[in-house]
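Just so you know, the protein sequences line up as chains A and B, in that order. Counting from 5, one number per residue, gives the positions in the first sequence under the working numbering. Counting from 4, one number per residue, gives the positions in the second sequence under the working numbering.
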Amino acid sequence: MADALFSLEGAAIGYGRPLLGNISLQVRAGEYWGIFGPNGAGKTTLVKTLLGALAPLSGTLRRAGGLRLGYVPQLSSVRESLPLSVRQVVELGALDLKGCPPVPEVLSRVGLHDLERKPFGALSGGQRQRVMLARALHRRPGVLVLDEPTNGIDLITRHALMELLRDLNREGMAILLVTHLLGEIGAEVKFFLWLDSREGLCLCGRRESVLRDPRLAAAYGAGLRIMDVAGEPVLTWATGEKEADRG
Amino acid sequence: MVETLLLVKWPLVGALVAALPLAYYGVFLVERRMVFVSVSLAQAALCGAAAAFFFGWEPRLAGLVAVATVIAVLTWRSRGGRGALPEDAVLGILYVVLGALSVVLLSKSAQGGLDEATLLFGSMLGVSARDVAILSAVVGALAVLGGALHRRFLAVAFDAETCRVLGMRVGALELLFFSGLGALLAVAISQIGVLLSFAFLVLPAASARSLFRSTTAVFAASAAIGAFGSVAGTLGSIRWDVPTGAAICVALALPLPFALWVRRH
Chain A
5 MADALFSLEG AAIGYGRPLL GNISLQVRAG EYWGIFGPNG AGKTTLVKTL LGALAPLSGT
65 LRRAGGLRLG YVPQLSSVRE SLPLSVRQVV ELGALDLKGC PPVPEVLSRV GLHDLERKPF
125 GALSGGQRQR VMLARALHRR PGVLVLDEPT NGIDLITRHA LMELLRDLNR EGMAILLVTH
185 LLGEIGAEVK FFLWLDSREG LCLCGRRESV LRDPRLAAAY GAGLRIMDVA GEPVLTWATG
245 EKEADRG
Chain B
4 MVETLLLVKW PLVGALVAAL PLAYYGVFLV ERRMVFVSVS LAQAALCGAA AAFFFGWEPR
64 LAGLVAVATV IAVLTWRSRG GRGALPEDAV LGILYVVLGA LSVVLLSKSA QGGLDEATLL
124 FGSMLGVSAR DVAILSAVVG ALAVLGGALH RRFLAVAFDA ETCRVLGMRV GALELLFFSG
184 LGALLAVAIS QIGVLLSFAF LVLPAASARS LFRSTTAVFA ASAAIGAFGS VAGTLGSIRW
244 DVPTGAAICV ALALPLPFAL WVRRH
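Below, the structure is given as structure tokens:
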């Protein structure tokens, strides 16, 4: 088995006091992970810990040497009014890095080849999100981490984004997709991390084993339904059973 | 007219030298909605200078120490997460307390005759070649800093979270950015006062961002409006015999209605 790109062993995460404890996972090259949980479950905290922006409160974090990261943050954390062109935004993602693909190439990859000189602030939400993805790809990353990348974008752009992620994964890029929408975690997502700090849940492993874990049903009761579609477990959430925001 | 211009040569050069870097910092501060940080730093610099008059210290050095103290408090507070008070309330308290303390210290110092206008606009006509030389040295150092770190400052202003995740030392960059601004304010404040410093930071940047949408154009326009305000304000003050600092403030505000009209249309 390939060496882990990231590994977290017996870690507790949080800001000052533990939000989630005893988390262990390993992310290897070429794996596609879905990190799912309701709003406030600790997803972003976990991702920041994995990426080294936040130290684990206990346990160990290891990261492969020389690993190049691509990160797509939530659009709300970006200051879109800054007078930057699309090209500048992409370039700012890889300051001092060598061997980066040309900006037009990555913009073309996300379908924005004709917007290089346009002000970032003049783009639609979907276009901005694609620029953020281009910025991450400009780093030629070994692993791509996306934090709620489809928030506030339309269905067609969302579908195109998911297609692109699938293609990138097929080309060998490891992907960590953070989302609170179950519907975004398709069959291509082979590994699953289900987080819910309020329920004390942290289930991690292959998709099938996590989705069939009896602790899910115990935590969410009848609201969570697991159906078999062509041999694949598919989750749906019946709203009104517990909380509507669970996906 | 030429003779009068020669008389205000150093005040005019001093205003120009201060205007350009303040206009640069202003673009960042306006875009990041942090103008109240700058006015609190300016107030701290004034308070330091007032303490220097009271105790007989070097005003610029005392201003620098006061600004560094405020930056240290704000940095410590931001690292500790949410405090008991919102950040804008902390900045408001700093502004009021430091401003009041400056007035108290000045009223009891040997410079007790300083009036309200001098506090707000400095004493531009008293600017000497030595003052301009000191200001130029600080601005030169800031130009080197800005030249080396400009793209990093932009990256952090645009998306600090990603910069942090990708291993950039965001805290150190922020500290350098605000220390540079603080040093500039500490040196400039005795010449141009609190209100004019604030005007140089906010007014050119506000007009420039309304007129242009490219980075280079916004920074260039901000600097140009700062320079225009310095020259037009100084000449206007001579022509109509009004206080120079206030005249520069008015001149800096002149392009704003036009810029807002252009943005709307």
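Where is the CB? At the ideal position from N, CA and C, for every residue including glycine.
Environment of residue i [buried if 16+ CB atoms lie within 10 Å]
| i | result |
| --- | --- |
| Arg139 (chain A) | buried |
| His153 (chain B) | exposed |
| His163 (chain A) | exposed |
| Val149 (chain A) | buried |
| Pro106 (chain A) | exposed |
| Ala18 (chain B) | buried |
| His142 (chain A) | buried |
| Ser128 (chain A) | exposed |
| Asp118 (chain A) | exposed |
| Trp79 (chain B) | exposed |
| Phe124 (chain B) | buried |
| Leu23 (chain B) | buried |
| Val233 (chain A) | exposed |
| Asp171 (chain A) | exposed |
| Ser145 (chain B) | Checking the sequence, you will find Leu at residue 145 (chain B) rather than Ser. Classification for Leu145 (chain B): buried. |
| Trp13 (chain B) | buried |
| Val142 (chain B) | buried |
| Ala103 (chain B) | exposed |
| Asp249 (chain A) | Confidence at Asp249 (chain A) is low in this model, with a pLDDT of 45, below 50, so its placement is unreliable and the value that follows should be read with caution. Result: exposed. |
| Phe3 (chain A) | This structure leaves residue 3 (chain A) out entirely; chain A is present only between 5 and 251. |
| Phe261 (chain B) | exposed |
| Pro77 (chain A) | buried |
Integer Cβ distance of residue i from residue j, believed to fall under 8 Å
| i | j | result |
| --- | --- | --- |
| Gly29 (chain B) | Pro258 (chain B) | About 14 Å; that fails the 8 Å criterion. |
| Ala55 (chain B) | Ala65 (chain B) | 4 Å |
| Glu203 (chain A) | Ala221 (chain A) | In fact, because the Cβ distance is near 12 Å, the residues do not count as touching under 8 Å. |
| Leu122 (chain A) | Val90 (chain A) | Looking at the sequence itself, residue 122 (chain A) is Lys, so the reference to Leu does not match. Right, the Cβ-Cβ distance comes to about 5 Å (below 8 Å), so this counts as a contact. |
| Val82 (chain A) | Phe161 (chain B) | 6 Å |
| Ser126 (chain B) | Ala53 (chain B) | Not a contact, Cβ separation roughly 13 Å. |
| Leu116 (chain A) | Arg134 (chain A) | 6 Å |
| Cys208 (chain A) | Leu197 (chain A) | 5 Å |
| Ser213 (chain B) | Val265 (chain B) | 6 Å |
Residue-chain proximity (residue i, chain A), Cβ-Cβ < 7 Å
| i | result |
| --- | --- |
| Arg216 (chain B) | yes |
| Phe162 (chain B) | Note that residue 162 (chain B) corresponds to Asp in the displayed sequence, not to Phe. It does; some Cβ of chain A falls within 7 Å. |
| Thr165 (chain B) | yes |
| Val33 (chain B) | no |
| Ala158 (chain B) | yes |
| Arg154 (chain B) | yes |
| Arg267 (chain B) | no |
| Ala262 (chain B) | no |
| Val173 (chain B) | no |
| Val40 (chain B) | no |
| Val205 (chain B) | no |
| Val285 (chain B) | This structure does not reach residue 285 (chain B), given that chain B is present from 4 up to 268, and the question cannot be answered. |
| Val168 (chain B) | yes |
Any C-beta of chain B under 7 Å from that of residue i
| i | result |
| --- | --- |
| Arg134 (chain A) | no |
| Val82 (chain A) | yes |
| Pro87 (chain A) | yes |
| Pro105 (chain A) | no |
| Pro77 (chain A) | yes |
| Pro123 (chain A) | yes |
| Leu169 (chain A) | no |
| Ala191 (chain A) | no |
| Leu2 (chain A) | Here chain A has residues from 5 to 251 only, and residue 2 (chain A) is not among them. |
| Glu57 (chain A) | Note on residue identity: the sequence assigns Ala, not Glu, to residue 57 (chain A). Answer yes: the Cβ-Cβ gap between Ala57 (chain A) and chain B drops below 7 Å somewhere. |
| Leu148 (chain A) | no |
| Leu181 (chain A) | no |
| Leu96 (chain A) | yes |
| Leu99 (chain A) | yes |
Between the stretch 53 to 65 of chain B and the stretch 237 to 253 of chain B, are three or more C-beta pairs nearer than 8 Å?
They do not touch, by the three-pair rule.
Is it true that the stretch 15 to 28 of chain A meets the stretch 63 to 73 of chain A, where meeting means three or more beta-carbon pairs spaced less than 8 Å apart?
Contact holds: three or more Cβ-Cβ distances are below 8 Å.
Sufficient close CB pairs (3 or more, under 8 Å) joining the stretch 8 to 15 of chain A to the stretch 43 to 62 of chain A
Taking a contact to require three or more Cβ pairs closer than 8 Å, the stretch 8 to 15 of chain A and the stretch 43 to 62 of chain A qualify as touching.
Length at least 3, wholly inside the stretch 166 to 221 of chain A: the beta strand (DSSP E) runs in chain order
When DSSP assignments are scanned along the stretch 166 to 221 of chain A, the uninterrupted stretches of beta strand (DSSP E) that are 3 or more residues long and fall wholly within it turn out to be 178 to 183, 195 to 200 and 205 to 210.
Assess, as a yes-or-no matter, whether the stretch 168 to 183 of chain A is touched by the stretch 34 to 43 of chain A under the definition of 3 or more beta carbon pairs within less than 8 Å.
The stretch 34 to 43 of chain A is in contact with the stretch 168 to 183 of chain A.
So, do the stretch 172 to 188 of chain B and the stretch 65 to 84 of chain A have three or more beta carbon pairs nearer to each other than 8 Å?
Remark: fewer than three beta-carbon pairs, one from each stretch, lie closer than 8 Å, so the stretch 172 to 188 of chain B and the stretch 65 to 84 of chain A are not flagged as touching.
Tell me the start and end of each unbroken alpha helix (DSSP H) in the stretch 33 to 68 of chain B that is at least 4 residues and wholly inside, in chain order.
Here the runs fully enclosed are 38 to 58.
Touch test, the stretch 90 to 102 of chain B against the stretch 218 to 232 of chain B, Cβ-Cβ under 8 Å, three pairs minimum
Of all C-beta pairs linking the stretch 90 to 102 of chain B to the stretch 218 to 232 of chain B, fewer than three are shorter than 8 Å, placing the two stretches out of contact.
Length-filtered (4 minimum) alpha helix (DSSP H) runs lying within the stretch 31 to 98 of chain A:
Qualifying alpha helix (DSSP H) stretches, in chain order: 47 to 54 and 90 to 96.
Taking only runs of the alpha helix (DSSP H) that begin and end inside the stretch 226 to 258 of chain B, which ones reach a length of at least 4 residues, in chain order?
247 to 256, all fully within the stretch 226 to 258 of chain B.
Sequence ranges, beta strand (DSSP E) only - wholly within the stretch 114 to 168 of chain A, length at least 3
Runs of the beta strand (DSSP E) inside the stretch 114 to 168 of chain A: 147 to 151.
Quick check: the stretch 192 to 207 of chain B against the stretch 124 to 143 of chain B, are there 3 or more CB pairs under 8 Å?
These segments touch.
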